[in-house]
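Q: Residue numbers (full-length UniProt numbering): 1 to 575.
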Ligand SMILES: Nc1nc2c(ncn2[C@@H]2O[C@H](COP(=O)(O)OP(=O)(O)OP(=O)(O)O)[C@@H](O)[C@H]2O)c(=O)[nH]1
Ligand SMILES: [Mg+2]
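(1) Run the proximity test for residue 180: is its beta-carbon closer than 6 Å to any non-hydrogen atom belonging to ligand 2?
(2) Alpha carbon to alpha carbon, what distance is there between residue 356 and residue 564?
(3) What did DSSP end up calling residue 334 once you bin it into helix, strand or coil?
(4) Spatial neighbours of residue 111 within its chain, please: CB distance less than 8 Å, with the 5 preceding and 5 following residues excluded, ordered by chain position.
(5) Using CA atoms only, rank isn't needed, just tell me which of 485, 109, 78, 296 is closest to residue 281.
(6) Does the distance between the C-beta of residue 578 and the nearest non-hydrogen atom of ligand 1 fall short of 6 Å?
(7) Going by the CB atoms, is the gap between residue 226 and residue 159 shorter than 7 Å?
(8) For residue 415, which of 399, 379, 396, 394 has the nearest alpha-carbon?
(9) What residues are listed by DSSP as bridge partners for residue 140?
(10) Start and end of the alpha helix (DSSP H) containing residue 312?
(11) Under 7 Å Cβ to Cβ from residue 249, same chain only, skipping five residues before and after it: list those, please.
(12) How do the stretch 474-494 and the stretch 436-453 stand: do at least 3 beta-carbon pairs fall below 8 Å, yes or no?
(13) For a test of your reading of the model: does the CB of residue 177 fall under 6 Å from any non-hydrogen atom of ligand 2? Yes or no.
(14) Under 8 Å, with one C-beta from each stretch per pair, do the stretch 528-539 and the stretch 322-331 reach the 3-pair mark?
(15) So does residue 219 have its beta carbon nearer than 6 Å to some heavy atom of ligand 2?
(16) Under 6 Å Cβ to Cβ from residue 569, same chain only, skipping five residues before and after it: list those, please.
(17) Tell me whether residue 3 is buried or exposed, calling it buried when 16 or more other Cβ atoms sit within 10 Å of its Cβ.
(18) So, is the C-beta of residue 526 closer than 7 Å to a C-beta in chain B?
(19) According to DSSP, simplified to helix, strand and coil, what is residue 16?
(20) Go through its chain and collect everything with a Cβ distance to residue 95's Cβ below 7 Å, but skip five positions before and after it.
(21) Roughly how many whole angstroms lie between the Cα atoms of residue 402 and residue 337?
(22) In terms of residues, what are the limits of the alpha helix (DSSP H) holding residue 38?
(23) Determine the extent of the beta strand (DSSP E) in which residue 296 is found, giving its start and end residues.
(24) Pick from 233, 132, 207: whose alpha carbon is nearest that of residue 223?
(25) Taking just the CA atoms, how far does residue 317 sit from residue 367?
(26) Pick helix, strand or coil for residue 406, following the three-state DSSP scheme.
(27) Can you grab the Cα-Cα spacing for the pair residue 77 / residue 58, in whole Å?
(28) Indicate whether residue 495 and residue 502 have their beta-carbon atoms separated by less than 7 Å.
(29) State the Cα-Cα distance for the pair residue 179 and residue 116, rounded to the nearest angstrom.
(30) Identify the residues that DSSP records as bridge partners of residue 25: which are they?
(31) Measuring alpha carbon to alpha carbon, tell me which of 164, 350, 36 ends up nearest residue 362.
(32) Leaving out the 5 sequence neighbours to the left and right, which residues in its chain are closer than 7 Å to residue 375 when beta-carbon positions are compared?
(33) Cα separation between residue 460 and residue 542?
(34) For a test of the three-state rule: what should DSSP assign to residue 101, helix, strand or coil?
(35) Among all the DSSP beta bridges, which residues are the ones paired with residue 180?
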């Protein structure tokens, strides 16, 4: 037997009902009902301020309140209290209205029996509980216990309303973790969830309890700061958040570092709708990400145009493939020891309908963000392989081709199949294809990366590590990957003749790479003086303006013809 104690408040002006109800409740064998009785709404309200009840039995015909007004009075004061209405036989409609207005059940006076009354009370308590948990789910994020998007919208509207009376400003912040995807990818989704919870806790420490922090979804949060007098107040809080977030988090017994970017929009009474305010905070967040992350930015009107431009750009990018607006240009690569052209690197350009020929830094980040890099990357691979085969067929036997793979493309499941299919379709000899990957790939999912690279290597493709020296790579672990060559980043190459330290670093990289059996390619060679230094260090190959800028396929072909006719102009020194 379960002797749960249930406190019932009976509000009823008819005193004779008290012993009746009392007796009916005492028949319960499952729970023990404790009954408190009042005969005026006012007395009930006075009591509800002081005492907690589990359920209320409410008569709707009272001397000091009639009908639903009694119900509303009780609900306002005790929104969590389950209520069973007792109705008169001739006024059941009122009881039904009461249930529509939030009472959990009703029972008709005179038709009551002990089991019926007890069942109604139990049911009301249960029903209120499930209503509350549904209401919680509708308004809160179960992971962090923070208000969700719904409740955030309600609170924002209310905050905007309040500025009418207070004269203060509202600061709306949009916050998003930087590169949170990497945490999921490296430590797993559960660790990611844990980090979101910790981040929510830290946010709470940075604001006053009356400020609303909500989770909008993913790694995106928002904060509504009320009673802001100066922009500076919001700036201070934002800076505090940026600083707090960049402290390490302990996840799986490891110190993990993450940062946060923040966009802020300020609302002064009536100057924007809530939709505009949200859009502005979001744009400011976008600007903070673009400024390098781990910082905050206030919304400025000019962001409007920038973002509109960006949106137009995304729209055009989506159409660019089918409109055939992408083109490849090819930059020569030269074997330094024999001073001869050995290959070309395929570089993507976009022939934009209005803006002309665009360099990749203008659109590659957008391709990455929108995921378009996958189909465009496939197009690049296909076009480059096809071109290479055509050139070889046309009698330029030395030409091989390098194609860049972005990290996103690399992490795509189908990569190895795509490469294999492309080689088959284009009839390209895998030996003549060099795939260039960047150091950032080596930072996460090491085992998976090695296995994909091995599969590519097994296809017979040559794999090259691009931009070496800009990331975190150490030569020590390069032997774990099947690289055939590495390309020294142009920033090192640039200072080779000006800075003895750079020269020493390049020289060390080259000899270590050679020990590992890797060929070395110097990128960004621009001056004649750089050549003897690179030759001295036994650098194998080079590319850069001194040998040729990236050329269209037609110009490239003319250049090949010149070279193979032995009347080359700028870089082939006769052996
Ligand atoms: N662990 C976990 N991850 C989530 C959840 N919801 C979304 N994500 C992931 O969170 C990431 C959010 O991505 P973005 O904010 O767009 O990207 P990001 O890697 O943080 O990069 P930036 O924000 O641009 O710096 C995505 O990879 C989602 O898969 C969640 O509830 N739990
Ligand atoms: Mg993020």
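By construction, the Cβ of each residue, glycine as well, lies at the ideal position given by its N, Cα and C atoms. These numbers come from a predicted model, not from an experiment.
A: If we stick to the structure as given:
(1) yes
(2) 32 Å
(3) strand
(4) 89
(5) 296
(6) As shown, the chain starts at 1 and ends at 575. That puts residue 578 outside it, with no answer to give.
(7) yes
(8) 379
(9) 147
(10) 301-320
(11) 195, 198, 256, 258
(12) yes
(13) yes
(14) no
(15) yes
(16) With a pLDDT of only 44 at residue 569, under the threshold of 50, the placement of this residue in the model should not be trusted; the figure read from the coordinates follows. Around residue 569: no qualifying Cβ.
(17) exposed
(18) Among the protein chains of the structure shown there is no chain B, as only one such chain exists.
(19) coil
(20) 85, 87, 106
(21) 20 Å
(22) That residue, residue 38, is in no alpha helix (DSSP H); its beta strand (DSSP E) goes 31-38.
(23) 296-298
(24) 207
(25) 8 Å
(26) coil
(27) 14 Å
(28) yes
(29) 59 Å
(30) Partner(s): none; residue 25 has no beta bridge.
(31) 350
(32) 321
(33) 23 Å
(34) coil
(35) In the DSSP output, where bridge partners are listed per residue, residue 180 has none listed.
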